[in-house]
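Trainee: So the protein lines, in turn, are chains A and B.
Counting in our numbering, the first sequence runs from 4 upward without gaps.
Counting in our numbering, the second sequence runs from 689 upward without gaps.
The structure follows.
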Amino acid sequence: MSETAHGEVQRVDELLDSTLESVDHAEAVVVKAAEEMGFDEEELHKIGIAVRETMVNAVVHGNRYNSRKKVHFEVRRTESTLTIRVGDEGEGFERKEVADPLAEENILKFSGRGLLLIEAFMDEFVTEPRKPTGTQVTLVKRKVPVVTTAS
Amino acid sequence: MSVKLTTRQVGDVTVVDAAGRITLGEGAITFRDTIRDLASKGNQKILLNLGEISYIDSSGIGELVSGFTTVRNQGGVLKLVGLTKRVQDLLQITKLYTVFDVYDDEATAVRSFA
């Protein structure tokens, strides 16, 4: 795999259908990229869940499984940083309007925990409006360098 | 692999051995249907063994909560046993660890229903 001008060693740009198969596909692509960066099994699991939750939000809540709407999926990998962008073509949402799943009155609700898991598992999690419509989510995971001390 | 659920009886406790993935789609639906079916047939002591669950997403967590309330609404109790570290972490992040009765081993969990 050749390195690009921006220090990227991998670059993925795909337009995915609004299906659960796309969720599986995106998760597999990102986990493979993270594996090649040397993340351990536990980190791979966390990255996989974060990507799955993000993709589910795009497919289910953003595009509402609409076959005419696509999910814009990007992966950028450098030696130390994994960046994932997922854009939907839905109506957009305000993060502050999402009910707090940790509030006592919500603790037994059946849904609404996806954003919480993404935040817990990634180093950066940004949501912004996507033009002309929808939401773009950016996830970043950094590889902490292994420090070795000379004996 | 989606989720595989096997049911067995230990005294008056119904143990559900779950293996695989509980995620949005087939896994979550299978899980929901199984727990609802058990509750509707009058099983009031249900122990869910999650020892072989390799992956669970927020939909799967939602199904655990749904199962818990479904059984409780029928007058029963649903408890958990054999949580992997990954599932434990998820329940801690979501503050559900204190909602469920969680046990390390099956014998202790079964006795707790008495």
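Cβ coordinates follow ideal geometry from the N, Cα and C atoms, glycine included.
1. Note down, one range per segment and in chain order, each alpha helix (DSSP H) of at least 4 residues found wholly within the segment 10 to 49 of chain A.
2. So which residues of chain B does PRO132/A contact, with C-beta pairs closer than 9 Å?
3. Measuring CA to CA, which of THR758/B, ASP777/B and GLY739/B is closest to ASP721/B?
4. How would you write the range of the alpha helix (DSSP H) that ARG720/B sits in, first residue to last?
5. Restricting to Cα atoms, I'd like to know which of VAL78/A, VAL89/A, GLU38/A and ASN60/A is closest to VAL101/A.
6. Does any residue of chain B have a CB that is nearer than 8 Å to the CB of ILE110/A?
7. Is the beta carbon of VAL34/A closer than 8 Å to that of LEU23/A?
8. So, for VAL32/A: in the same chain, excluding its five sequence neighbours on each side, which residues have a beta-carbon less than 7 Å away from its beta-carbon?
9. Hey, is VAL753/B's beta-carbon within less than 8 Å of any beta-carbon in chain A?
10. Are VAL790/B and LEU778/B touching if we call contact CB-CB under 8 Å?
11. Along the chain, where does the alpha helix (DSSP H) containing PHE124/A start, and where does it finish?
12. Please classify PRO104/A as buried or exposed, where buried requires at least 16 other C-beta atoms within 10 Å of its C-beta.
13. Residues of the segment 733 to 763 of chain B in Cβ contact with chain A at a cutoff of 8 Å, in chain order, please.
14. Could you tell me the alpha carbon to alpha carbon distance between GLU44/A and TYR785/B, rounded to whole angstroms?
Mentor: Looking at the atomic coordinates:
1. 23 to 40
2. Here the premise fails: no neighbours, minimum Cβ distance about 23 Å.
3. THR758/B
4. 714 to 728
5. ASN60/A
6. yes
7. no
8. VAL15 and VAL78
9. yes
10. no
11. 117 to 124
12. buried
13. TYR743, ASP745, SER746, SER747, ILE749, GLY750, GLU751, VAL753, SER754, PHE756 and THR757
14. 23 Å
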